[in-house]
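Take a look at the structure below.
Take a look at the structure:
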């Protein structure tokens, strides 16, 4: 069983601060995705990274996939109250032999609260 | 474009009752999934389907059943509800990049969830 460890589990910061959320595993993933979830809603995809060492930016959010494709990080610059939510990382298994069928392994999530 | 639609939004069941959670997608995705989300536990895969007529068990299938008669619909059936099935259930669909050695999941579209309480 592939596991994804997310840290920290909780993060409470003031508006304007920077933060980083980490997602680590001992397993290799073919892709790594980040989702954001608000109360009462389903997770919404933020980004997918598929190449080791890849860095993607989405406005104030920067996502990085580790060189060995076992870890990822999400960095938010100048956090705003609108960034508040549950952040989930999810890894896709390599599809050797065609058996992964797009199944994802999810981390436990990071609850981010940004105070005005 | 509705995406993935789940019904009902909320439901309370008594122990031993049965129910079906509905899921429909209009994106013509072949791959569909059911996950349950419990506090601090992330999402756990219950069942998945790679196309009409093809389903398979995920990580936590006990107490659940699924069917996939069409590309659009993927209902989840709970038989003999138990308190351990109290959870939030999410349906999702996805597309995969085909061809070559690696098939990569480029991301799920989730429904808005069903909050189920078994008492």
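Protein chains in written order, with my numbering: chain U, -1 to 114; chain V, 22 to 140. Ideal placement from N, C-alpha and C gives every residue a C-beta, glycine not left out.
Can a CB atom of chain U be found closer than 9 Å to the CB of residue i?
{"i": "residue 111 of chain V", "result": "yes"}
{"i": "residue 95 of chain V", "result": "no"}
{"i": "residue 128 of chain V", "result": "yes"}
{"i": "residue 65 of chain V", "result": "yes"}
DSSP three-state label for residue i, please.
{"i": "residue 81 of chain U", "result": "helix"}
{"i": "residue 5 of chain U", "result": "strand"}
{"i": "residue 31 of chain U", "result": "strand"}
{"i": "residue 66 of chain U", "result": "coil"}
{"i": "residue 106 of chain V", "result": "helix"}
{"i": "residue 81 of chain V", "result": "coil"}
{"i": "residue 16 of chain U", "result": "coil"}
Give me the Cα-Cα distance between residue i and residue j, rounded to the nearest whole angstrom.
{"i": "residue 8 of chain U", "j": "residue 110 of chain U", "result": "6 Å"}
{"i": "residue 17 of chain U", "j": "residue 75 of chain U", "result": "7 Å"}
{"i": "residue 174 of chain V", "j": "residue 140 of chain V", "result": "The structure shown does not extend to residue 174 of chain V, since chain V is modelled only from 22 through 140, so no value can be given for it."}
{"i": "residue 111 of chain V", "j": "residue 48 of chain U", "result": "24 Å"}
{"i": "residue 3 of chain U", "j": "residue 40 of chain V", "result": "34 Å"}
{"i": "residue 107 of chain U", "j": "residue 50 of chain V", "result": "26 Å"}
Hey, is residue i's beta-carbon within less than 9 Å of any beta-carbon in chain V?
{"i": "residue 52 of chain U", "result": "no"}
{"i": "residue 26 of chain U", "result": "no"}
{"i": "residue 61 of chain U", "result": "no"}
{"i": "residue 46 of chain U", "result": "yes"}
{"i": "residue 66 of chain U", "result": "no"}
Considering Cα atoms alone, identify which of the options is closest to residue i.
{"i": "residue 31 of chain V", "options": "U:39, U:33, U:53, U:79", "result": "U:39"}
{"i": "residue 137 of chain V", "options": "V:34, V:25, V:24", "result": "V:34"}
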